[in-house]
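2 protein chains.
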Amino acid sequence: MAPARTGSAGDTAADTDLPPAKPSLRERKKIQTRQAIRRTAYRLFEEQGYDATPVDQIAEEAEVSPSTVFRYFPTKEDIVLTDEYDPLIEQALRDRPPGEPPVAALREALYASIARIYQADAVETLQRIRLIREVPALRARMSEHSAETAWLLRRALAERTGRADDDLELRIVTGAMLGALTEAMYAWVDTGMSGTLEDLSALVTRALGVLERGLTL
Amino acid sequence: MAPARTGSAGDTAADTDLPPAKPSLRERKKIQTRQAIRRTAYRLFEEQGYDATPVDQIAEEAEVSPSTVFRYFPTKEDIVLTDEYDPLIEQALRDRPPGEPPVAALREALYASIARIYQADAVETLQRIRLIREVPALRARMSEHSAETAWLLRRALAERTGRADDDLELRIVTGAMLGALTEAMYAWVDTGMSGTLEDLSALVTRALGVLERGLTL
DNA sequence: CTCTCAATTGAGAGTTACTGTCATCAACCT
DNA sequence: AGGTTGATGACAGTAACTCTCAATTGAGAG
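Protein chains in written order, with full-length UniProt numbering: chain A, 1 to 217; chain B, 1 to 217.
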């Protein structure tokens, strides 16, 4: 559910490959506001807990009106859940050689993506994952989000296998992958997620390994 | 998330195997009220849609106060989502011979359970599934519920494999299974779920087959 | 049968997440 | 500078809950 890069600039002539050229004052202000809201929210969630933090308070401390908060994030949950990872994973998956078997391709694509996401903002990423894990409402919405990721994944796999994208086997494969990876992620959080990046990659390897071995124990 | 069989009678002496003996006037009224609310709600959801049906209206047409509705179902979503399937599946899984490999055991357990659930109230079951599929809020909560089912499944598999119930491989296996099965169920609904029971069983077979074959396509 | 106790219920007030409208104000374009 | 457009804030409204308290009703004792 990426924010779809708020309209305007670039993309008209040859793709210059430098979108962060100078997004116009307006755009910059929007980004600032968005960041202010999210940062304030994360801080308050940390201090008081998610449920105990009303949107009005977030608005007040972020120096915007409640209306504005809802303009930027349709729901309170979205403040935590909105991300731009999906296109990243999708791209990484497309970059894999066509011959590669699906599970292997996904594994490699994930390695690349995880590293990137993690580097972008490690602290906030961890905070996010912890929140998602601990707040039921967020966990619920998250798995909804996963369903969309599954769909995207399916389309990518459909392309590389030449199957229809509503193919049953394909659906099952992506469903299983997502299920396994989600579980692996939660397991990672349970371990205290201290080792961070390496551990997470190792978990992904083990998870996909189990799948490849036909779920034998 | 079974309602835990509302307290009182039976179970004190030898288990007489007839719990529906005579649950006392009070208990019977409670069951009636619960049914009235749920039935009314399902009817209204059918007529007007889930989102367009306020709890107050359900209360009014079910001849109870709004407070009472919330006493019986903590959230509006629970009116649709509350079920008692989990213990059923758990039992069916425990009834399988200990030597059987996990995936096969689950398959057989599911066959038995699906048949039972379906026979209990086919119409309402279909209505439920359709609602869960179509209303985002319900889908989200449902996957939350699945997480609990996964945990239960994990405990059962932990027992029969002698592994710890927080074993990583075990988590991954159950996660993958649930993911695959959920996807299969949605696929079933997508096909118009006309063939109903047989089709569903066939889908389960195919889903678990894919898992056993290591997600090869 | 009645009296007491505990559980169930309904009424009402309050909180919070959202939605929609409208006037204001600031950035963009000419 | 001046008109247009997009962002913002104030406000009113809805609906899902939550809490509290008083009235009712079934359960069990005498």
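C-beta atoms are modelled at their ideal positions from N, C-alpha and C, and glycine is treated no differently.
Whole-angstrom distance between residue j and residue i, CA atom to CA atom
{"i": "arginine 160/A", "j": "alanine 41/B", "result": "45 Å"}
{"i": "valine 173/A", "j": "histidine 145/B", "result": "21 Å"}
{"i": "tyrosine 50/B", "j": "leucine 44/B", "result": "8 Å"}
{"i": "arginine 39/B", "j": "leucine 126/B", "result": "14 Å"}
{"i": "glutamine 91/A", "j": "aspartate 167/A", "result": "22 Å"}
{"i": "residue 220/B", "j": "aspartate 83/B", "result": "The structure shown has nothing for residue 220/B, since chain B only spans 1 to 217."}
{"i": "proline 101/B", "j": "arginine 141/B", "result": "31 Å"}
{"i": "proline 136/A", "j": "serine 143/B", "result": "11 Å"}
{"i": "threonine 191/B", "j": "arginine 154/A", "result": "18 Å"}
{"i": "proline 74/A", "j": "glutamate 61/A", "result": "19 Å"}
{"i": "residue 227/B", "j": "alanine 202/B", "result": "Residue 227/B lies beyond the stretch modelled for chain B, which goes from 1 to 217, so this question has no answer here."}
{"i": "leucine 37/B", "j": "glutamine 48/B", "result": "It should be noted that the sequence gives isoleucine, not leucine, for residue 37/B. For isoleucine 37/B and glutamine 48/B, the distance between alpha carbons rounds to 16 Å."}
{"i": "residue 247/A", "j": "proline 23/B", "result": "What the structure shows of chain A is the stretch from 1 to 217, and residue 247/A is not part of that stretch, so it cannot be assessed."}
{"i": "alanine 122/B", "j": "valine 210/B", "result": "28 Å"}
{"i": "glutamate 27/B", "j": "alanine 52/A", "result": "36 Å"}
{"i": "tryptophan 188/A", "j": "isoleucine 89/B", "result": "28 Å"}
{"i": "arginine 128/B", "j": "arginine 128/A", "result": "32 Å"}
{"i": "lysine 30/A", "j": "lysine 29/B", "result": "57 Å"}
Contact under 9 Å by Cβ, residue i with residue j
{"i": "glutamate 169/A", "j": "arginine 107/B", "result": "no"}
{"i": "methionine 147/B", "j": "arginine 139/A", "result": "Correcting the residue identity first, residue 147/B is alanine in this sequence and not methionine. Yes, they are a contact pair."}
{"i": "alanine 176/A", "j": "glutamate 183/B", "result": "yes"}
{"i": "residue 218/B", "j": "valine 204/B", "result": "A question about residue 218/B goes unanswered here, because the residues of chain B that appear run from 1 up to 217."}
{"i": "arginine 94/A", "j": "alanine 156/A", "result": "yes"}
{"i": "valine 80/A", "j": "isoleucine 132/A", "result": "yes"}
{"i": "leucine 208/A", "j": "valine 103/A", "result": "yes"}
{"i": "tyrosine 186/A", "j": "arginine 171/B", "result": "yes"}
{"i": "glycine 179/B", "j": "leucine 178/A", "result": "yes"}
{"i": "alanine 109/A", "j": "proline 97/A", "result": "no"}
{"i": "glycine 99/A", "j": "glycine 214/B", "result": "no"}
From the options, residue whose alpha carbon lies closest to that of residue i
{"i": "isoleucine 117/A", "options": "Tyr85/A, Ala187/A and Gln32/A", "result": "Tyr85/A"}
{"i": "valine 64/B", "options": "Gln35/B, Leu88/B, Asp83/B and Gln48/B", "result": "Gln35/B"}
{"i": "isoleucine 114/B", "options": "Pro23/B, Gly214/B, Leu200/B and Leu217/B", "result": "Leu200/B"}
{"i": "alanine 150/A", "options": "Leu181/A, Glu134/A, Pro136/A and Ala122/A", "result": "Leu181/A"}
{"i": "proline 55/A", "options": "Gln48/A, Glu46/A, Pro66/A and Arg96/A", "result": "The sequence given here has valine at residue 55/A, not proline. The candidate whose alpha carbon is nearest that of valine 55/A is Pro66/A."}
{"i": "threonine 33/A", "options": "Glu46/A, Ser143/A and Ile58/A", "result": "Ile58/A"}
{"i": "glutamine 119/B", "options": "Glu198/B, Leu215/B, Thr216/B and Gly99/B", "result": "Glu198/B"}
{"i": "proline 87/B", "options": "Trp188/B, Val189/B and Leu152/B", "result": "Leu152/B"}
{"i": "glutamate 46/B", "options": "Glu134/B, Val189/B, Trp188/B and Ile89/B", "result": "Glu134/B"}
Neighbouring residues, chain A, relative to residue i (Cβ below 7 Å)
{"i": "threonine 182/B", "result": "Gly175"}
{"i": "glutamate 169/B", "result": "Val210 and Leu217"}
{"i": "glycine 214/B", "result": "Leu211, Glu212, Arg213 and Gly214"}
{"i": "alanine 187/B", "result": "Leu168 and Arg171"}
Listed by chain order, chain B residues near residue i by CB distance under 7 Å
{"i": "threonine 161/A", "result": "Leu217"}
{"i": "leucine 126/A", "result": "Those within 7 Å of leucine 126/A in chain B number zero; the least Cβ separation is about 20 Å."}
Residue i (DSSP reduced to helix, strand or coil)
{"i": "valine 210/A", "result": "helix"}
{"i": "threonine 75/B", "result": "coil"}
{"i": "arginine 96/A", "result": "coil"}
{"i": "leucine 215/A", "result": "coil"}
{"i": "glutamate 61/A", "result": "helix"}
{"i": "valine 135/B", "result": "coil"}
{"i": "glycine 49/A", "result": "coil"}
{"i": "alanine 2/A", "result": "For alanine 2/A, the predicted structure reports a pLDDT of 38, less than 50, and the residue's modelled location is therefore unreliable. A value from the coordinates is still provided. Coil."}
{"i": "threonine 82/B", "result": "coil"}
{"i": "threonine 40/A", "result": "helix"}
{"i": "residue 219/B", "result": "Past the boundaries of the shown model lies residue 219/B; chain B is included only from 1 to 217, so the question cannot be answered."}
{"i": "aspartate 166/B", "result": "coil"}
{"i": "proline 101/B", "result": "coil"}
{"i": "residue 223/A", "result": "There is no way to answer for residue 223/A, as the model of chain A reaches only from 1 to 217."}
{"i": "aspartate 199/A", "result": "helix"}
{"i": "proline 87/A", "result": "helix"}
{"i": "glycine 7/B", "result": "Only weak support exists for where glycine 7/B lies, its pLDDT of 38 falling under 50; the coordinates are left without a value."}
{"i": "valine 204/B", "result": "helix"}
Where residue i meets chain B, residues with beta-carbon distance less than 8 Å
{"i": "arginine 130/A", "result": "None at all; the shortest Cβ gap to chain B is about 17 Å."}
{"i": "proline 136/A", "result": "Glu144"}
{"i": "leucine 178/A", "result": "Gly179"}
Chain-ordered neighbours of residue i on chain A, where CB pairs are closer than 9 Å
{"i": "valine 103/B", "result": "Gly214, Leu215 and Thr216"}
{"i": "arginine 96/B", "result": "In chain order: nothing, as chain A lies at least about 15 Å away."}
Partner residues on chain A for residue i, Cβ-Cβ distance less than 8 Å
{"i": "arginine 139/B", "result": "Glu144 and Ala147"}
{"i": "glycine 206/B", "result": "Rather than glycine, the amino acid found at residue 206/B in this sequence is arginine. What arginine 206/B touches in chain A: Leu168, Glu169 and Ile172."}
Under 9 Å by beta carbon: chain B residues contacting residue i
{"i": "alanine 164/A", "result": "Residues of chain B passing the Cβ test: none, with the nearest at roughly 12 Å."}
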